[in-house]
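Asker: Start counting the sequence shown at 1; every next residue gets the next number (UniProt numbering).
Just so it is clear, CB atoms sit at the ideal spot from N, CA and C, and this is done for glycine as well.
Got a structure for you, written out below as structure tokens; questions coming shortly.
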Amino acid sequence: MKVIIKDEKIMIRHLRDCRNDYSLLMMWLSDLDVCEYYERRTKPFSYEMVLEKFQERARGLDPVAVGIIEYEKYPIGFVQFYETETDEYHECDVIDRSKFIRSYGMDIVIGDKNYWNRGIGSHTIVLLSEYLFSEKKAELLLIAPQTWNKRAIRCYEKCGFRKLKIIKDMELHDDEYRDGVLMAKTI
Numbered sequence: 001m002k003v004i005i006k007d008e009k010i011m012i013r014h015l016r017d018c019r020n021d022y023s024l025l026m027m028w029l030s031d032l033d034v035c036e037y038y039e040r041r042t043k044p045f046s047y048e049m050v051l052e053k054f055q056e057r058a059r060g061l062d063p064v065a066v067g068i069i070e071y072e073k074y075p076i077g078f079v080q081f082y083e084t085e086t087d088e089y090h091e092c093d094v095i096d097r098s099k100f101i102r103s104y105g106m107d108i109v110i111g112d113k114n115y116w117n118r119g120i121g122s123h124t125i126v127l128l129s130e131y132l133f134s135e136k137k138a139e140l141l142l143i144a145p146q147t148w149n150k151r152a153i154r155c156y157e158k159c160g161f162r163k164l165k166i167i168k169d170m171e172l173h174d175d176e177y178r179d180g181v182l183m184a185k186t187i
């Protein structure tokens, strides 16, 4: 098991190319309450859809890295992170990208609802931010929750991200485009 980063409570480890890890993703992403926050509520993920989206990532063939979040050794969700291209988030009108050599985008899904509203998402975001700043030499972190996801926005603000702008029609969610709020954190 390849550990990305850990502390006394939380470990983020790389997604493995195995049935057990794909089954975890399917369990979380087939829960309609979780799907409300991740891509689509009306079309939960099947095992085949999980493989299609995550297998190349698990094998290191995709630039998006996926990490399983374990809380006290129990898997509860996942994070994703990747090096971003300039203006990938339409940020150049609010950020002088010439000041930042390396930037990363990230997101988080707490898939086990028993762990919602317990501060674990915030703890995980802080831990992942530390990893990206120290190990990946990131100078800028970007995240873009949908505007209606007030809980995520509060979590990211608590972790040091600040709102920069609204991105119109940022993400397709249940066959409808939704706005996102671009948020950033610097070292």
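Could you tell me the distance, in whole angstroms, from the CA atom of M11 to the CA atom of E139?
Answerer: Taking the sequence shown and counting its residues from 1, the one referred to as residue 11 is at position 11. Taking the sequence shown and counting its residues from 1, the one referred to as residue 139 is at position 139. Going by the C-alpha atoms only, they are around 23 Å apart.
Asker: Let's test the definition: count the other Cβ atoms within 10 Å of the Cβ of T84 and tell me whether it reaches 16, buried, or not, exposed.
Answerer: The residue labelled residue 84 in the question sits at position 84 within the sequence shown. Under this definition T84 is a buried residue.
Asker: Rounded C-beta distance between A58 and D17? I'm assuming under 8 Å.
Answerer: Looking up residue 58 in the sequence shown gives position 58. Looking up residue 17 in the sequence shown gives position 17. The Cβ separation is near 4 Å, so the contact holds.
Asker: When every heavy atom of the ligand FAD is checked, does at least one fall within less than 7 Å of the C-beta of I68?
Answerer: The ligand content of the structure shown is nil, which means the ligand FAD is not present either.
Asker: Leaving out five residues on either side along the sequence, give the residues of the same chain with a beta carbon under 6 Å from the beta carbon of G111.
Answerer: Translated into the one-based positions of the sequence shown, residue 111 becomes position 111. Answer for G111: W28, V34, G77, listed in chain order.
Asker: Return the CA-CA distance between I125 and F81, expressed in angstroms with no decimal places.
Answerer: Here the question's residue 125 lines up with position 125 in the sequence shown. Here the question's residue 81 lines up with position 81 in the sequence shown. Cα to Cα, I125 sits roughly 11 Å from F81.
Asker: Could you round the C-beta distance between D179 and T147 to whole angstroms and report it? I think they count as a contact, below 8 Å.
Answerer: In the sequence shown, residue 179 corresponds to position 179, counting from 1. In the sequence shown, residue 147 corresponds to position 147, counting from 1. Going by Cβ atoms, the distance from D179 to T147 rounds to 5 Å, so yes, they are a contact pair.
Asker: Keeping to the same chain, check which residues put their C-beta closer than 8 Å to that of residue 193; ignore five residues upstream and five downstream.
Answerer: The requested residue 193 does not occur in the structure, where the chain is confined to residues 1 to 187.
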